[in-house]
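K.L.:
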Amino acid sequence: MRKFLKEPLVHFLLLGGLIFGYYSLVNSESASENTIVIDDAEYDYLLSLWKKQWKRDPNEEDIKAFIDQYLRQEVFYKEALALGLDHNDIIVKRRLAQKMEAVSNDLNAMLKPPTAADLEDFYMANDSLFRLPTSYTFQQVLFTNQEPNWQQEFVTIQTALKEGKEIPTSRVLKLSISNDWKDIPINEINQSFGGEFASKLGSLPLNQWVGPISSGFGKHLVFISEKNDSQLADFERIKSYVEKEFEYQTELEMQEQVFHDLLEKYPVKITSDKIPESIKKSY
Amino acid sequence: MRKFLSVLFLAILFFSCEEKKDQTEEPASDKLLYSHAGKDYEIPENPLKEAYFGEQHLHTAASMDAFIAGTRLTPDDAYRFAQGEEVMVNGRPHTINRPLDWAAVTDHGEFLGEAYTLMNPGSPGYDSEAAKSMREAPDLKTALAVYKKYVLDALAGGNAHPDFWQGYESVKSQWQVNIEATEKNYAPGKFTTIHAYEWSSAPNTANLHRNVFFRDTNLPEIPFSSNEGASPQELWDWMTTQEANGVMVFCNPHNPNESKGMLFPEVAMNDKPIDETYASTRQHFERNVEMMQTKGNSEVVPDFWPNDEFADFENARSLQEYNGRIFEKHNFIRYGLNRGVKYQAELGVNPFKYGFVGGTDSHNAVMSNVEEFNYVGHHGMADETALDRSRNEQEGEMFNRDMNPGGLTGVWATSNTREAIWDGMHSRESFATSGPRIKVRFFAGNGFKESYESYEEMVKDGYAKGVPMGQNYEGREAPEFLVWALKDPIAPNLDRVQIIKGWVDADGEMHDTIYDIAASDNRMRADGTVEPIDAPVNMETGEFNKEKGSPEFTVVWKDPDFDPNQNAYYYVRVIQLPTARYSLWDEIRNPDVQYPEDTKQVIQERAWASPIWIEPKN
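Residue numbers (our numbering), protein chains in the order written: chain S, 1 to 283; chain C, 284 to 901.
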């Protein structure tokens with residue numbers, strides 16, 4: 001029984017029943033004699049619509065105008081229904097289908113909000129969604145392909161750096177690019193350097209001046225002092241993000257499930273020969 | 284793919300929290316204590332200034348024309364896209380290739396109220412026939428018919444609004460939604476948002492549009508639209524009133540190429556000749572002109588500048604087939620700058636003293652989606668597929684294949700905050716690119732070195748001994764121009780750097796000329812011209828040449844013909860090696876799609892640094 005109560009379609013049908021029930025109740029009073037009743041509830045509803053936009057109370061003229069507008073709409077609407085103009089009208093069809101879909105979306109919000117445990121389960125089960133990319137702390141020294149003797153310079157500077165010397169002034173902020181990068185995620189490194197630079201870092205040894213590594217700017221000597229492997233972000237820190245993802249993913253699942261459950265209620269017969277077999281079989 | 288993206292987004296979230304700690308240990312940058320909306324931030328500050336890239340021209344579903352074409356993304360969605368989050372564009376997931384540093388949503392001021400009614404169930408007018416059919420148009424043809432029936436016909440009949448307009452309260456409501464989205468997405472130091480809108484006046488279909496930018500949260504109740512005043516003078520009058528209320532505001536015109544000669548005019552809209560008051564008011568409020576956007580590049584066209592070998596670039600020539608927007612010299616920015624210095628000589632003040640910005644004018648809410656290989660159109664159902672782009676027209680405007688993904692703005696600023704970015708644009712220390720993240724610095728002064736030991740020393744010298752782009756050079760001696768340009772790390776190297784000079788001679792004649800001041804691969808000839816680069820794009824794969832060109836240029840250049848008594852301007856153009864245009868990417872990815880013969884497949888992207896002016900005092 002518990003499981004049964006958890007089924008989205010059950011909720012969906014219950015909700016649908018409630019909506020239907022409400023409307024037949026409301027309509028039964030008036031529909032019989034074509035009377036259009038504006039009672040307190042109806043008036044309050046129209047009034048709230050009006051105030052929602054105008055953000056003040058209406059004067060008598062305003063009230064007359066929106067009642068007028070309402071009646072005009074009701075009269076045409078009822079007459080159109082009586083004439084059966086709603087049948088097979090593509091816009092009416094689409095609107096009703098949209099309404100039904102919206103009901104299924106609302107279902108998601110009506111179900112109990114996820115508990116801390118739900119969120120944690122979701123977080124554990126979808127580890128790839130909540131992984132932080134690998135990040136690096138490194139220094140770099142740049143040589144451009146346009147420097148005539150860059151290879152020689154490269155070796156000289158590499159040797160000097162290995163002996164603990166400072167980066168030469170001419171290569172500090174070369175091309176305006178910082179020499180020191182602290183705890184930078186791999187995607188940002190990729191954006192800042194271009195080329196194959198970011199993807200190469202993973203294969204380099206730590207705490208050594210190595211190179212040449214190619215980027216969109218030229219060749220680099222690189223010294224990686226710290227590598228933080230891709231890891232699951234701390235749950236507490238990203239809880240609100242997990243919650244957002246949970247809602248998004250469950251809403252998608254719910255939509256699909258309601259569609260498929262309903263599809264079973266309506267047997268589909270595809271008789272046209274023009275539709276490929278593989279598509280026919282998928283229903 | 285979605286998973287990968289959310290990892291990136293998560294990383295942004297996570298590392299932005301970490302930022303405070305990191306930056307304290309970073310020697311190159313300082314910290315700035317910054318407050319916004321009652322919160323304190325400790326954010327990185329760079330005394331050398333950094334180039335922050337962003338969008339200053341973008342429409343969302345809150346622009347009624349965008350809504351009708353199928354866009355449903357809100358200002359909030361647009362800001363999320365700019366920060367790297369996935370959104371649904373024309374029913375398909377899409378992500379920017381590289382997130383932006385800053386952005387402004389510029390929805391049309393004209394139909395904000397209608398947009399509110401269209402988007403908010405329960406608001407009056409939501410269920411009107413017009414609103415319904417706008418929401419439910421299933422295809423482009425229906426959408427256009429609906430647009431004609433409810434909007435164009437109403438306007439032609441002398442009404443400012445379609446009949447489902449609910450009045451100024453609805454305008455206020457949508458303006459408030461835009462304001463809230465702009466506030467919500469502001470992350471000082473990380474991502475800047477700017478309050479803005481577009482004033483879209485088009486008398487006799489001449490495009491006189493201006494994007495209007497506010498410095499802070501001191502904002503008008505309702506934006507001034509062309510329905511309240513269609514002449515620029517009326518807009519400036521309104522801005523004057525705003526200033527009296529403490530609102531800090533400026534505007535940037537765009538698309539002079541569609542202006543039928545009216546953006547850089549001889550007379551004001553009341554047919555009176557341009558006088559000193561007009562000129563100084565205009566210069567006070569109008570700070571930059573949009574160099575390039577999806578509807579074309581407005582710098583120059585070969586028709587009137589046959590000697591500019593790079594003039595044939597995203598000219599959007601098919602504009603001329605519609606609305607009588609025939610090209611004339613008056614429509615282009617280089618002419619406008621020339622006319623501006625001539626007015627300076629005549630009136631003592633330059634009405635067209637413009638810096639440069641670039642934008643997209645996308646109506647899909649995709650901020651600066653400017654990369655050719657990532658282009659998915661900018662106008663909803665009209666250009667959503669490669670096939671549509673190759674063969675459809677943009678109703679009433681031009682051919683889709685003549686459009687381009689649009690330009691980008693770089694602003695030199697000490698920090699990524701709303702005030703710093705706004706100030707950078709206001710002082711014209713901004714530059715435009717046709718899309719790539721090329722960086723360019725430009726100074727005029729005296730006593731620069733031939734070469735610099737370090738970048739830091741060069742920048743410090745630039746400010747200490749000269750003025751940056753957007754300012755006047757005040758010396759009497761011939762100025763030295765210090766130009767630095769850096770390639771985009773994911774794009775090819777640079778071809779060359781040029782300085783464009785315009786001046787007015789003693790007889791009042793306007794002139795302009797181009798100097799090649801640096802070129803890669805030793806291509807500079809003795810006579811100062813440059814041998815064209817041979818770096819072809821691979822037409823099968825779309826790959827660019829990775830060997831040739833230069834990643835960086837640093838040049839100090841002196842004008843051989845400098846005359847301190849001449850009113851003149853100088854601006855910089857940086858040319859990149861050839862790359863594949865989106866039309867080539869479309870053909871490579873869709874073997875069935877064939878663009879017409881006249882479509883360019885390869886382009887040379889570029890950057891334009893704002894001018895430096897010479898204004899002799901008599």
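Even glycine gets a Cβ: it sits at the ideal position worked out from N, Cα and C. Please read these numbers as outputs of a predicted model, since none were measured by experiment.
Does the count of Cβ pairs from the segment 598–608 of chain C and the segment 541–550 of chain C closer than 8 angstroms reach three?
P.N.:
Touching, yes.
K.L.:
Please state the DSSP three-state secondary structure of M531 of chain C.
P.N.:
Along the second sequence, read from residue 1 onward, the residue named residue 531 of chain C stands at position 248. Three-state result, M531 of chain C: coil.
K.L.:
Going along the chain, which residues of its own chain have a beta-carbon closer than 7 angstroms to the beta-carbon of G194 of chain S, five neighbours each way excluded?
P.N.:
Counting from 1 along the first sequence, the entry for residue 194 of chain S is found at position 194. Excluding sequence neighbours, G194 of chain S sits near S215 and G216.
K.L.:
Quickly, what does DSSP pair P536 of chain C with across the bridge? List them, please.
P.N.:
Against the second sequence, residue 536 of chain C aligns to sequence position 253. The partner list for P536 of chain C (beta bridge, DSSP) reads C:R493.
K.L.:
For L691 of chain C versus S734 of chain C, is the C-beta distance shorter than 7 angstroms?
P.N.:
Walking along the second sequence from the start, residue 691 of chain C turns up at place 408. Walking along the second sequence from the start, residue 734 of chain C turns up at place 451. Cβ atoms of L691 of chain C and S734 of chain C: not closer than 7 angstroms.
K.L.:
What's the call for K467 of chain C, buried or exposed, on a 16-neighbour Cβ count within 10 Å?
P.N.:
Stepping through the second sequence from its first residue, residue 467 of chain C is reached at position 184. Flag for K467 of chain C reads exposed.
K.L.:
Which same chain residues, not among the five before or five after E277 of chain S, have their C-beta less than 8 angstroms away from its C-beta?
P.N.:
Residue numbering aside, residue 277 of chain S sits at position 277 when the first sequence is read from its first letter. If we look at E277 of chain S and ignore the five residues flanking it on each side, it has no Cβ neighbours.
K.L.:
Jot down the residue ranges of each uninterrupted beta strand (DSSP E) in the segment 145–230 of chain S, minimum 3 residues, whole runs only, in chain order.
P.N.:
With a minimum length of 3 residues, the continuous beta strand (DSSP E) runs that stay inside the segment 145–230 of chain S are 180–185, 209–214 and 219–228.
K.L.:
For a contact meaning CB atoms closer than 7 angstroms, what does E273 of chain C contact in chain S?
P.N.:
This structure leaves residue 273 of chain C out entirely; chain C is present only between 284 and 901.
K.L.:
What residues from chain S crowd round P894 of chain C, counting only those whose CB sits closer than 9 angstroms?
P.N.:
Along the second sequence, read from residue 1 onward, the residue named residue 894 of chain C stands at position 611. What P894 of chain C touches in chain S: nothing, since even the nearest Cβ is about 23 angstroms away.
K.L.:
Going by beta carbon distance, what residues of the same chain come within less than 6 angstroms of K612 of chain C, once the five residues before and after it are set aside?
P.N.:
Position 329 of the second sequence holds residue 612 of chain C. Hits under 6 angstroms: F587 and Y618.
K.L.:
Given this structure, state the Cα-to-Cα distance separating N535 of chain C from R493 of chain C, to the nearest angstrom.
P.N.:
Translated into positions along the second sequence, residue 535 of chain C becomes position 252. Translated into positions along the second sequence, residue 493 of chain C becomes position 210. The alpha-carbon atoms of N535 of chain C and R493 of chain C are separated by roughly 5 angstroms.
K.L.:
Under 7 angstroms, Cβ to Cβ, is there at least one residue of chain C near F138 of chain S?
P.N.:
On the first sequence, position 138 is the one that residue 138 of chain S refers to. Answer no: the Cβ-Cβ gap between F138 of chain S and chain C never drops below 7 angstroms.
K.L.:
Is the beta carbon of L206 of chain S sitting closer than 7 angstroms to the one on I177 of chain S?
P.N.:
What you label residue 206 of chain S is simply residue 206 of the first sequence in a count that begins at 1. What you label residue 177 of chain S is simply residue 177 of the first sequence in a count that begins at 1. No, the pair does not count as a contact, with Cβ atoms beyond the cut-off.
K.L.:
Any idea what DSSP makes of R701 of chain C, helix, strand or coil?
P.N.:
Taking the second sequence and counting its residues from 1, the one referred to as residue 701 of chain C is at position 418. Helix, per DSSP.
K.L.:
Would you mind working out which of C:V632, C:P421 and C:T475 sits nearest A851 of chain C, comparing C-alpha positions?
P.N.:
Counting from 1 along the second sequence, the entry for residue 851 of chain C is found at position 568. Nearest of C:V632, C:P421 and C:T475 to A851 of chain C, Cα basis: C:V632.
K.L.:
Could you have a look at W521 of chain C and say whether DSSP puts it in helix, strand or coil?
P.N.:
Here residue 521 of chain C refers to the residue found at position 238 of the second sequence. Correct three-state label for W521 of chain C: helix.
K.L.:
Within the chosen definition, does the segment 179–187 of chain S reach the segment 125–138 of chain S through at least 3 CB pairs nearer than 8 angstroms?
P.N.:
Touching, yes.
K.L.:
Less than 6 angstroms between C-beta atoms, sequence neighbours within five positions excluded: which residues of the same chain meet that for F122 of chain S?
P.N.:
Your numbering for residue 122 of chain S matches position 122 in the first sequence. Excluding sequence neighbours, F122 of chain S sits near F246.
K.L.:
Are three or more beta carbon pairs between the segment 403–412 of chain C and the segment 671–690 of chain C nearer than 8 angstroms?
P.N.:
Because the criterion of three Cβ pairs below 8 angstroms is not met, the segment 403–412 of chain C and the segment 671–690 of chain C do not touch.
K.L.:
Kindly give me the distance between the Cβ atoms of V460 of chain C and A479 of chain C, rounded to whole angstroms, as I take these residues to be in contact under 8 angstroms.
P.N.:
Position 177 of the second sequence, counted from the start, is the residue given in the question as residue 460 of chain C. Position 196 of the second sequence, counted from the start, is the residue given in the question as residue 479 of chain C. Going by Cβ atoms, the distance from V460 of chain C to A479 of chain C rounds to 14 angstroms, so no, they are not a contact pair.
K.L.:
In the DSSP assignment, what are the bridge partners of L765 of chain C?
P.N.:
By one-based count along the second sequence, residue 765 of chain C stands at place 482. BP columns for L765 of chain C point to C:F726 and C:V839.
K.L.:
Determine the direct distance from the alpha carbon of S833 of chain C to that of P148 of chain S, and round the result to whole angstroms.
P.N.:
Within the first sequence, the letter at position 148 stands for residue 148 of chain S. Within the second sequence, the letter at position 550 stands for residue 833 of chain C. If I take the Cα positions, the gap works out to 13 angstroms.
K.L.:
So if I threshold CB-CB distances at 9 angstroms, which residues from the segment 172–194 of chain S count as touching chain C?
P.N.:
Residues passing the 9 angstroms Cβ filter: V172, L173, K174, L175, S176, I177, S178, N179, D180, K182, D183, I184, P185, I186, N187, E188, N190, Q191, S192, F193 and G194.
K.L.:
What does Y317 of chain C pair with, by DSSP beta-bridge criteria?
P.N.:
Residue mapping note: residue 317 of chain C aligns to position 34 of the second sequence, counting from 1. C:Y324.
K.L.:
Under 9 angstroms, CB to CB, which of the residues in the segment 756–768 of chain C have a partner in chain S?
P.N.:
The segment 756–768 of chain C vs chain S, Cβ under 9 angstroms: W767.
K.L.:
Let me see if you follow: with CB-CB separation under 7 angstroms, is A311 of chain C close to chain S or not?
P.N.:
Along the second sequence, read from residue 1 onward, the residue named residue 311 of chain C stands at position 28. Low confidence applies to A311 of chain C: its pLDDT is 49, below 50, so where it sits in the model is not reliable, and the reading given next is rough at best. It does; some Cβ of chain S falls within 7 angstroms.
K.L.:
Contact between the segment 867–877 of chain C and the segment 657–673 of chain C: three or more CB pairs below 8 angstroms?
P.N.:
Enough Cβ pairs lie closer than 8 angstroms, so yes.
K.L.:
Three or more C-beta pairs closer than 8 angstroms, one from the segment 247–254 of chain S and one from the segment 221–235 of chain S: is that the case here?
P.N.:
The answer is no - the segment 221–235 of chain S does not touch the segment 247–254 of chain S, with fewer than three Cβ pairs under 8 angstroms.
K.L.:
If you compare alpha carbons, which of S:D118, S:K55 and S:V172 is closest to V242 of chain S?
P.N.:
Taking the first sequence and counting its residues from 1, the one referred to as residue 242 of chain S is at position 242. With distances taken between Cα atoms, V242 of chain S lies closest to S:D118.
K.L.:
Provide the residue(s) that pair with G638 of chain C in DSSP beta bridges, ordered along the chain.
P.N.:
Locating residue 638 of chain C in the second sequence gives position 355, where the first residue counts as 1. Answer is C:N571, bridged to G638 of chain C.
K.L.:
I want to verify the contact list: residues of chain C whose CB lies under 9 angstroms from the CB of F217 of chain S, in sequence order.
P.N.:
By one-based count along the first sequence, residue 217 of chain S stands at place 217. Under the 9 angstroms cutoff, chain C gives L769, K770, P772, P834 and E835.
K.L.:
By the 10 Å Cβ neighbour count, where 16 or more other Cβ atoms means buried, how is I279 of chain S classified, buried or exposed?
P.N.:
Within the first sequence, numbered from 1, the residue matching residue 279 of chain S stands at position 279. Classification for I279 of chain S: exposed.
K.L.:
At a CB distance below 7 angstroms, what residues from the segment 131–164 of chain S approach chain C? Give them in sequence order.
P.N.:
Those residues of the segment 131–164 of chain S that come within reach of chain C (Cβ to Cβ, closer than 7 angstroms) are R131, L132, P133, T144 and Q146.
K.L.:
By a C-beta neighbour count over all protein chains shown, 10 Å radius and 16 as the cutoff for buried, is E712 of chain C buried or exposed?
P.N.:
Walking along the second sequence from the start, residue 712 of chain C turns up at place 429. Buried is the call here.
K.L.:
Check whether chain C comes within 7 angstroms of I91 of chain S, counting only Cβ atoms and requiring the distance to be less than that.
P.N.:
Here residue 91 of chain S refers to the residue found at position 91 when the first sequence is read from its first residue. By this cut-off, I91 of chain S is an interface position.
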